[in-house]
Amino acid sequence: MRICLLLGGPMSNVPDLTPYKDDYWVGIDRGAFRLLEMGITPKAAMGDFDSLSSKELAFVRDNVVFVEQYPAEKDETDAMLGITYALNQKADEILVFGATGGRMDHTLANLFMLTYESYQAAIPVTTFVDKQNTLKMYQPGRYELEKQDKMKYIAFTVVSAEVTGLTLEGFKYPLNNATYPFGSALSSNEFVDEHGVLSFSEGLILMSQSHD
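Our numbering numbers the first residue of the sequence shown as 20 and each following residue consecutively.
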């Protein structure tokens with residue numbers, strides 16, 4: 020089952036959601052109100068809702084069957100609450116919209132939450148999507164990657180202390196058994212054809228496909 024989350028990031032950074040309108044939706048904080056504005060009724064809404072007025076929150080409560088409100092001061096981010104909910108619903112695919120753009124601390128928290136050991140179960144099934152990028156984290160292994168429509172560039176960023184055994188095949192800039200430290204950004208690479216292979220033996224990698 021695919022579950023889509025809409026977070027509270029700028030709508031100017033969110034792609035057209037029409038292709039996903041019939042999916043299982045969860046509204047995170049202001050994302051719940053925005054879904055209702057678009058005519059999409061989420062099956063659940065959660066967060067601290069500190070970005071909603073009392074009138075907007077009442078509208079969410081009146082239209083969404085399952086609403087969970089949390090205190091603003093908490094250990095988990097609203098995005099973490101959404102990921103946990105989706106995993107508990109046995110989602111085999113999680114698409115996250117509204118996670119990027121706006122406040123940089125929110126963007127970084129959203130992307131890096133999957134590096135937490137308690138959230139790494141979500142890595143294989145979670146993809147972040149915005150108007151210019153799709154981002155997906157990978158654990159050690161071998162993966163065949165498919166070039167996405169209209170996405171010219173592909174990049175690989177090290178988000179663990181180190182990545183070892185990094186091999187890239189089928190890309191403009193290939194690699195063989197390389198090691199890179201945290202923060203290394205192998206950007207502006209491109210597919211040679213429609214598919215490429217990513218493999219590595221240790222660490223975590225954040226892959227992004229993007230266009231200008």
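Ideal placement from N, C-alpha and C gives every residue a C-beta, glycine not left out.
Just so you know, these numbers come straight off a predicted model, no measurement behind them.
Counted as a single uninterrupted DSSP element, the alpha helix (DSSP H) harbouring L106 occupies residues 97–107. Going by beta carbons, N32 and T96 fall outside the 8 Å limit.
DSSP places T146 in the uninterrupted beta strand (DSSP E) bounded by 145–148. As computed with DSSP, Y135 is found in no beta bridge at all.
Distance check between V144 and each of L114, L55, G222, S220 places L114 closest, using alpha-carbon atoms only.
Separation of the CB atoms of L225 and L154 is rounded to 6 Å, and the pair is thereby assigned contact status at 8 Å. Secondary structure at F201: coil, using DSSP grouped into helix, strand and coil. Between V148 and the set S73, N129, L164, the nearest pair of CA atoms involves N129. The Cβ-Cβ distance between A140 and L100 does not fall below 8 Å.
In the three-state DSSP reduction, T119 falls in the coil class, being neither helix nor strand.
Just measuring C-alpha positions, the residue of F190, V211, Y135, M20 sitting nearest Y39 is M20.
The bridge partners DSSP lists for M65 are I47, E87.
Between N195 and T183 a beta carbon distance of about 12 Å is seen, past the 8 Å cut, so the two are scored as non-contacting.
Cβ-Cβ separation between H230 and G189: approximately 19 Å, too far for a contact (criterion under 8 Å). Under the three-state reduction of DSSP output, T60 falls in the coil class, being neither helix nor strand. Within its own chain, the residues whose Cβ lies closer than 7 Å to the Cβ of G66, once the five positions on either side in sequence are excluded, are I47, D48, Y89, D97, L100, listed in chain order.
Shown here, K74 sits in a helix according to DSSP, grouped into three states.
Straight-line spacing of the CA atoms in K150 and P34 works out to 5 Å. A residue is called buried once 16 or more other Cβ atoms fall within 10 Å of its Cβ, and P200, having fewer, is exposed.
Separation of R122 and L76 (C-alpha to C-alpha, rounded to the nearest whole angstrom) is 22 Å.
Here M156 is actually not in contact with Q228; their C-beta atoms are around 13 Å apart, not less than 8 Å.
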